[in-house]
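Enquirer:
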Amino acid sequence: GRPYECLRRAAEDEALFWSGAEAFYESQKAELLTPWVRGRLGGLSSHEVIAAHRQRFLERSPLPDFLTWMGYIDLKLRLPELLLMRVDKMSMATAVEARVPFLDHEFVQFAMGIPQAVKVRGGELKHILKRAVAGVIPHEIIHRRKQGFGVPVAEWFLRELGPVVRNTLRQFTTDQPYFDAGVVERLLAGNNATLSWFLLNFALWHRQWIEGQVPERLPLYAGARGEARG
């Protein structure tokens, strides 16, 4: 789990924070991937990607502190490859042109140059931003608990999507040489919805873009509409 992974990274002198876009830790991948895949990788790990960014950060950043590193690696990986991609897809699908004013390049450069001690005061995150909008935005909005836009994967798996996920992953594991069948079964039996969701996405991507088959539409939306009608 996370505590072990943090200890492993510290012991091997790796960056502790790899951005928030990690799917599987290295220890999990060592179990999940078959010997054939590990052999093809030749000892490579996800840290190879992080290490290159880390080196550039240490060479170029005037403030090589931990908080600045977290912002830097998020700007390089999670923001463009995950968050902004989702925003663009979802907004354009509904004919909305989204804008991200806080990502103006001059604003980002300014923000990255602010010392960590100024950004966080007394353990309060987004200290500067909260002070800047005080009196403009209501206090209860500024200081309310952070609320993300998470996808209810666990609830989906307990309903119509569950059998589809299990059947799809079992068939994929049988047909393709990537994943250890026992580890996949353990994930499914443990109702590990998040990791199973990652594997499902990979399996469906592989089916369409590597095997050239168009996957059947998942029953998720039909089920949701049925509940709404009821």
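Read left to right, the sequence shown gives residues 845 to 1074 (my numbering).
Built from N, CA and C at the ideal position, the CB exists for glycine as well.
#1: Fully enclosed by the segment 879 to 916, which alpha helix (DSSP H) runs are 4 residues long or longer?
#2: Taking Asp857 as the reference, give the member of Phe993, Ala895 and Val995 with the closest Cα.
#3: How close, in whole Å, do the beta carbons of His897 and Lys920 come, if the pair is a contact with beta carbons under 8 Å?
#4: Mind listing, in chain order, the continuous alpha helix (DSSP H) runs of no fewer than 4 residues lying wholly within the segment 934 to 992?
#5: Between which two residues does the alpha helix (DSSP H) harbouring Lys873 extend?
#6: To the nearest whole angstrom, what separates the beta carbons of His971 and Val980, a pair I think is in contact under 8 Å?
#7: Taking 8 Å as the threshold, find out whether the segment 994 to 1009 comes into contact with the segment 1034 to 1053 through three or more Cβ pairs.
#8: If we ignore side chains and look at the alpha-carbon of each, how far apart do Ala1033 and Ser905 end up?
#9: Expressed to the nearest angstrom, what Euclidean distance is found between the alpha-carbon atoms of Asp909 and Pro924?
#10: So, is Trp913 buried or exposed, given that buried needs 16 or more other C-beta atoms within 10 angstroms?
#11: Helix, strand or coil, according to DSSP, for Phe861 in the structure here?
#12: Would Thr1012 and Ala1025 be called neighbours here (beta carbons separated by less than 8 Å)?
#13: Select from Arg1003, Glu870 and Val931 the residue whose C-alpha is nearest the C-alpha of Ser890.
#14: Between the beta-carbon of Arg922 and the beta-carbon of Ala865, is there less than 8 Å?
#15: What would DSSP say about Pro847, mapped onto helix, strand or coil?
Expert: Put simply:
#1: List check, alpha helix (DSSP H) in window: 879 to 885 and 891 to 904.
#2: In the sequence shown, the residue the question calls residue 857 occupies position 13. A check of alpha carbon separations from Asp857 across Phe993, Ala895 and Val995 identifies Ala895 as the nearest.
#3: Sequence index remark: in the sequence shown, residue 897 carries index 53 (1-based). Sequence index remark: in the sequence shown, residue 920 carries index 76 (1-based). Taking 8 Å as the upper bound for CB-CB distance, His897 and Lys920 are in contact here, some 5 Å apart.
#4: Listed in chain order, the complete alpha helix (DSSP H) runs (minimum 4 residues) inside the segment 934 to 992 are 949 to 956, 960 to 963, 971 to 977 and 983 to 986.
#5: Residue 873 sits at position 29 when you count from the first residue of the sequence shown. Boundaries of the alpha helix (DSSP H) harbouring Lys873: Glu870 to Leu876, taken from the DSSP string.
#6: Your numbering for residue 971 matches position 127 in the sequence shown. Your numbering for residue 980 matches position 136 in the sequence shown. Between His971 and Val980 the beta-carbon gap is near 16 Å, outside 8 Å, which marks them as no contact.
#7: Three or more beta-carbon pairs separated by less than 8 Å link the segment 994 to 1009 to the segment 1034 to 1053, which places the two stretches in contact.
#8: Against the sequence shown, residue 1033 aligns to sequence position 189. Against the sequence shown, residue 905 aligns to sequence position 61. Near 46 Å, if we compare the C-alpha coordinates of Ser905 and Ala1033.
#9: If you number the sequence shown from 1, residue 909 lands on position 65. If you number the sequence shown from 1, residue 924 lands on position 80. Rounded to the nearest angstrom, the two C-alpha atoms are 22 Å apart.
#10: By 1-based counting over the sequence shown, the position of residue 913 is 69. By the 10 Å Cβ count, Trp913 comes out buried.
#11: Reading the sequence shown from its first residue, position 17 is the one you call residue 861. Looking at Phe861 - three-state DSSP - the assignment turns out to be coil, as it is neither helix nor strand.
#12: Start at 1 with the first residue of the sequence shown, and residue 1012 comes out as number 168. Start at 1 with the first residue of the sequence shown, and residue 1025 comes out as number 181. Contact flag unset, no.
#13: Along the sequence shown, one-based indexing puts residue 890 at 46. Answer by Cα proximity: Glu870.
#14: Within the sequence shown, numbered from 1, the residue matching residue 922 stands at position 78. Within the sequence shown, numbered from 1, the residue matching residue 865 stands at position 21. Their beta carbons are under 8 Å apart, which means Arg922 touches Ala865 by this criterion.
#15: For the purposes of this step, residue 847 is identified with residue 3 of the sequence shown, where counting begins at 1. Residue state for Pro847 is assigned as helix, using DSSP reduced to three classes.
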